[in-house]
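Residue numbers (this note's numbering): 4 to 138.
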């Protein structure tokens with residue numbers, strides 16, 4: 004007798020690519036990068052810091068199979084050499100750590116520009132004063 008008919012499932016394959024993971028996790032990776040710069044005075048940034056520093060924020064990524072905790076901690080301590088940060092981790096974890104490092108460097112660049120320009124508050128106050136005078 005003829006074999007049973009098995010239709011081929013033509014549905015889209017599930018995308019398990021690291022690119023998709025990076026896109027899905029990007030907000031989280033930005034928060035991880037921002038950790039050392041978050042203000043402890045405000046409730047929301049303090050809650051985020053507690054989630055990642057004392058809670059299970061980094062453990063959640065580890066549970067998904069990404070070895071990023073040690074690398075993130077070394078970045079928070081000031082390490083910026085990618086080879087040091089990714090030492091001993093698998094390729095996908097290294098790519099995630101690289102993305103966190105890129106966000107960290109971007110934050111530091113923006114902070115340097117703010118400091119070089121004399122800070123945010125001064126410029127905002129001057130702009131507000133100029134706007135008030137022109138009305």
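Glycine included, each C-beta is placed from N, C-alpha and C at the ideal position.
Taking 8 Å as the upper bound for CB-CB distance, residue 85 and residue 71 are not in contact here, some 13 Å apart. For residue 21, same chain residues with a beta-carbon under 6 Å away, outside a window of 5 residues either side, are 95 and 98 in chain order.
Here residue 57 carries a coil assignment [DSSP, helix/strand/coil]. By the criterion of a C-beta distance shorter than 6 Å, residue 92 is surrounded in its chain by 70, once the five residues flanking it on both sides are discounted. In this structure, the alpha-carbon of residue 67 lies about 42 Å from that of residue 121.
CA-CA distance, residue 24 to residue 55, rounds to 19 Å.
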